[in-house]
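In what follows, a structure is listed as structure tokens, so that the remarks can point back to it.
Chains as they are written, first to last, in this note's numbering: chain A, 3 to 494; chain B, 3 to 494.
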């Protein structure tokens with residue numbers, strides 16, 4: 003062997019892609035300037051992108067470049083081509099779906115995560131990633147006012163869809179049919195498996211059950227009461243009927259903060275029923291779980307301490323960049339046996355001492371997501387987080403009061419948190435006409451680009467949703483939404 | 003209604019978490035300095051973190067802070083507590099697993115993605131995210147020398163584990179049992195479903211089949227030939243036997259670049275068989291697929307144009323930050339019917355004209371990952387990417403030549419790409435003694451921290467793996483690995 007010294011990476015090709023600190027710094031500076039421009043209160047971009055389908059694609063060459071292009075050219079195209087095609091989730095007047103946002107500590111955490119580029123699949127592949135993930139999920143659990151953090155196994159996934167899939171997979175494993183090894187197909191010894199949730203539950207429950215081979219027909223949608231909360235009597239009746247029909251109740255998904263109205267299912271009563279029936283209880287608190295950080299909202303999390311698993315999404319309403327979903331289960335061993343596999347090339351000497359997060363989910367590769375959540379929790383402190391969440395709820399209540407005080411508008415659901423469901427309903431207008439009018443109002447408001455709202459359907463009627471969750475949102479933006487809605491109503 | 007003007011977010015709590023450009027800029031500067039320090043050729047940190055279990059956790063308080071902490075304090079703790087617990091994947095002497103790395107354009111893309119924080123779930127929620135994702139996956143397909151990019155549906159997922167799960171879910175949907183609606187449990191009309199792959203295939207195939215309710219017992223591991231390639235005769239025999247036993251062959255997963263040795267399954271012959279048997283063919287080219295960018299390596303991708311789906315991971319060997327897995331299928335409609343759900347709160351006026359990526363996978367929320375891949379492809383150009391991949395393969399061949407020339411060492415598998423499997427095997431030492439010695443050598447080398455390698459087992463023997471894939475890796479780092487191994491062998 004001869005001692006090699008030359009670096010074959012430097013000479014033959016342009017260097018713009020390599021790890022050149024000066025290029026990186028210049029690029030970052032330019033992006034910071036772009037962010038500042040996009041956040042300039044006097045010249046905010048449209049919230050909803052105003053492009054038509056194909057506008058962006060038409061500006062992108064069909065073939066990739068053979069020759070390297072300078073970073074400055076590419077960043078110029080980001081500003082010229084990409085930014086007009088962005089719907090600005092990080093905009094103070096984003097009120098659609100569940101509004102969310104990043105924040106300075108989260109952005110810094112993401113920047114560290116991508117620069118370190120650690121894979122948090124095994125403890126040894128970055129011990130800090132694993133140990134920080136365990137600890138920060140204990141922090142969040144405790145911050146929400148929930149007891150016994152160390153007796154729950156916490157894990158960060160990408161989305162609530164995935165967290166809920168893990169929960170139902172664990173329930174499937176716990177049911178005792180050795181599904182992991184034998185599967186579900188072609189077996190006479192496994193009954194039809196049933197999962198229960200309310201008719202207001204998020205579509206991710208259906209998707210998890212489709213993926214897991216349970217089937218969407220076996221997701222039983224339980225009716226709700228007048229405040230859109232799961233009816234426990236109906237849940238019990240459904241389970242009883244299913245058992246009588248030879249089916250196996252597998253899991254109940256209760257929601258704290260449903261997507262359409264943020265209603266809160268009666269988790270304590272559901273937990274009682276699940277305990278009696280020996281059925282896995284998963285709590286989907288993707289949106290509202292974090293409200294437990296403010297003590298006066300902890301009523302919403304009653305019963306969670308008796309669930310088998312729970313999800314809340316820091317990337318939704320905790321100022322943490324996409325993606326970051328926090329998942330807990332009290333049955334670490336069950337989740338592990340649902341997913342762990344031992345491939346020789348992944349065996350390490352530490353395996354008996356540590357958590358290897360790859361053993362607990364679908365994905366092998368895992369980003370170091372705990373860093374940004376840890377930085378958010380420290381940079382705001384739980385008091386600071388509670389204060390901002392409280393402010394969002396107060397703004398929502400104020401908007402609801404404006405709606406309530408105007409005879410041409412009506413509230414469509416209670417406002418427990420930061421979402422308002424409402425509807426333009428002038429006296430004497432038929433429901434069908436009002437549906438059409440609300441759809442027109444929404445289209446008009448969103449096309450104007452100053453605010454962005456979305457809709458849902460409640461009791462069959464078209465209802466508008468104003469969701470507050472962006473860290474930049476202030477009372478003036480909520481007021482702007484109200485004046486935009488009134489302008490659109492006059493024009494419709 | 004009164005006109006509100008005050009911003010309730012500014013006064014009551016410390017502002018360090020809010021979107022303050024100066025705080026962000028100062029934080030970014032400090033992180034850039036950290037990155038430079040970690041990349042200082044004269045003072046590189048240990049590749050493998052040297053901490054013991056609990057070291058990091060013990061430095062983290064059990065409870066979250068109530069009061070906000072300054073960003074500088076937190077970043078100080080990142081350097082003091084977190085960095086020593088990082089195994090540096092972004093280190094030129096990282097040779098374990100499949101080495102990977104980020105790059106300047108990818109880091110900038112990630113920074114943009116997290117700052118914009120767009121959710122790429124629907125076309126309207128950021129048209130640029132959807133249209134760029136479609137286009138950049140056409141680019142990558144074409145760059146790999148594959149034909150008819152526009153007739154394949156491309157999609158970015160987080161990991162190859164997820165891409166393969168989507169592929170097998172699509173195969174399950176295509177099989178015609180209406181699994182989506184009815185599930186698999188308690189049905190007499192669905193036979194046992196079988197998925198085939200070689201005994202060298204990645205564990206993610208098992209995991210996907212466990213998740214999907216197919217079961218790990220129904221993942222049929224086909225024997226390999228002397229070069230670790232799936233034996234097509236054995237595959238055909240297994241399918242025939244399964245059909246005779248009343249089971250249903252569902253899918254074959256062929257691998258281009260297996261994890262242990264980077265062997266390449268005979269995809270053209272497997273494609274012929276799958277066509278005859280009407281079985282879904284998924285190609286796992288997570289590691290080696292990108293090698294198609296260099297024309298002289300396109301032999302490896304022969305037959306992919308006749309597959310039903312394929313995955314390659316830009317986050318593995320294309321200098322793109324975790325996570326970014328590229329997935330294609332020629333059956334867009336099948337994938338869509340396997341996963342699409344229409345919840346009223348997600349309905350938009352554009353749904354008939356555009357791709358809504360949420361319809362094609364498990365997750366609803368999706369990061370704007372296309373941006374970084376687009377920036378990487380432009381900043382390097384396909385020639386620049388090919389050049390770097392080629393260099394990695396050349397370095398691996400050179401290392402293999404050093405091994406081959408030393409009588410105390412032996413190559414354990416062919417070296418088609420950038421991975422070398424080898425073993426210390428002095429003349430006269432028993433296989434069992436050599437196994438133990440190779441394990442000691444590996445432990446010694448990794449504990450020293452100057453390089454990081456991993457291992458596998460081939461024909462029952464303990465084999466070391468040197469994987470080149472980091473953009474910073476130069477010939478001197480490979481030479482360092484070789485001298486470290488020789489030092490450890492002398493000491494063992």
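Beta carbons: idealized from backbone N, C-alpha and C, even for Gly. Predicted model, so just to flag it, every value in this text is computed and none were measured.
Bounding residues of the beta strand (DSSP E) (the contiguous stretch that carries residue i)
| i | result |
| --- | --- |
| residue 252/B | 250 to 257 |
| residue 187/B | Note, residue 187/B: premise wrong, no beta strand (DSSP E); not H, not E. |
| residue 479/A | Careful: residue 479/A lies outside any beta strand (DSSP E), inside the alpha helix (DSSP H) at 477 to 493. |
| residue 412/A | 411 to 413 |
Host alpha helix (DSSP H) of residue i (start-end)
| i | result |
| --- | --- |
| residue 424/B | Here residue 424/B belongs to no alpha helix (DSSP H); instead the beta strand (DSSP E) covers 421 to 426. |
| residue 234/B | 234 to 246 |
| residue 443/A | 433 to 450 |
| residue 30/B | 23 to 40 |
| residue 132/B | 129 to 145 |
| residue 394/B | 372 to 407 |
| residue 274/A | 269 to 279 |
| residue 361/A | Premise fails: residue 361/A is in no alpha helix (DSSP H) and is neither H nor E. |
| residue 79/B | 73 to 79 |
| residue 502/A | What the structure shows of chain A is the stretch from 3 to 494, and residue 502/A is not part of that stretch, so it cannot be assessed. |
| residue 213/A | 206 to 213 |
| residue 174/A | 162 to 176 |
| residue 113/B | 106 to 118 |
Spatial distance of residue i from residue j (CA atoms)
| i | j | result |
| --- | --- | --- |
| residue 53/A | residue 104/B | 32 angstroms |
| residue 344/A | residue 208/B | 11 angstroms |
| residue 315/B | residue 372/B | 13 angstroms |
| residue 394/A | residue 118/B | 21 angstroms |
| residue 328/B | residue 458/B | 26 angstroms |
| residue 492/B | residue 377/A | 45 angstroms |
| residue 222/A | residue 418/A | 26 angstroms |
| residue 341/B | residue 168/A | 17 angstroms |
| residue 261/B | residue 100/B | 8 angstroms |
| residue 444/B | residue 163/A | 40 angstroms |
| residue 70/B | residue 368/A | 28 angstroms |
| residue 411/A | residue 484/A | 11 angstroms |
| residue 49/B | residue 98/B | 10 angstroms |
| residue 467/B | residue 250/B | 37 angstroms |
| residue 486/A | residue 28/A | 40 angstroms |
| residue 72/A | residue 381/B | 6 angstroms |
| residue 278/B | residue 177/B | 15 angstroms |
| residue 242/A | residue 248/A | 10 angstroms |
| residue 471/B | residue 318/B | 8 angstroms |
| residue 74/A | residue 124/A | 37 angstroms |
Strand pairing of residue i, partner residues [DSSP]
| i | result |
| --- | --- |
| residue 330/B | 156/B, 312/B |
| residue 224/B | 200/B |
| residue 458/B | 465/B |
| residue 96/A | 454/A |
| residue 195/B | 250/B |
| residue 282/B | 253/B |
| residue 266/A | 258/A |
- Would you check if the region 185 to 202 of chain B and the region 243 to 260 of chain B touch, i.e. whether three or more CB-CB distances between them fall below 8 angstroms? Contact holds: three or more Cβ-Cβ distances are below 8 angstroms.
- Pair every Cβ in the region 429 to 447 of chain A with every Cβ in the region 386 to 394 of chain A, then say whether three or more of these pairs are closer than 8 angstroms. Using a Cβ-Cβ distance cut-off of 8 angstroms, the region 429 to 447 of chain A and the region 386 to 394 of chain A are not in contact, since fewer than three pairs of beta carbons, one from each stretch, lie closer than that value.
- Are there three or more Cβ pairs, one per stretch, closer than 8 angstroms when the region 333 to 353 of chain A is compared with the region 133 to 148 of chain B? Taking 8 angstroms as the limit for Cβ pairs, the verdict is that the region 133 to 148 of chain B does not touch the region 333 to 353 of chain A.
- Given 8 angstroms, three or more beta-carbon pairs between the region 445 to 465 of chain B and the region 379 to 386 of chain B: The region 445 to 465 of chain B vs the region 379 to 386 of chain B: no contact.
- Message: Quick test of the definition: if touching needs 3 or more C-beta pairs under 8 angstroms, does the region 465 to 484 of chain A touch the region 87 to 94 of chain A?
- Response: Judged by pairs of C-beta atoms under 8 angstroms, the region 465 to 484 of chain A touches the region 87 to 94 of chain A, as three or more such pairs exist.
- Query: On the three-pair Cβ rule with 8 angstroms, is the region 332 to 340 of chain A touching the region 75 to 83 of chain A?
  - Reply: Counting Cβ pairs under 8 angstroms, fewer than three are found: no touch.
- Query: Should the region 176 to 188 of chain B be called in touch with the region 184 to 197 of chain A, which here means at least 3 C-beta pairs below 8 angstroms?
  - Reply: At 8 angstroms Cβ cutoff, the stretches touch.
- At least 3 beta-carbon pairs within less than 8 angstroms: the region 227 to 235 of chain B vs the region 265 to 285 of chain B: Contact between the region 227 to 235 of chain B and the region 265 to 285 of chain B is present, because at least three Cβ pairs lie under 8 angstroms.
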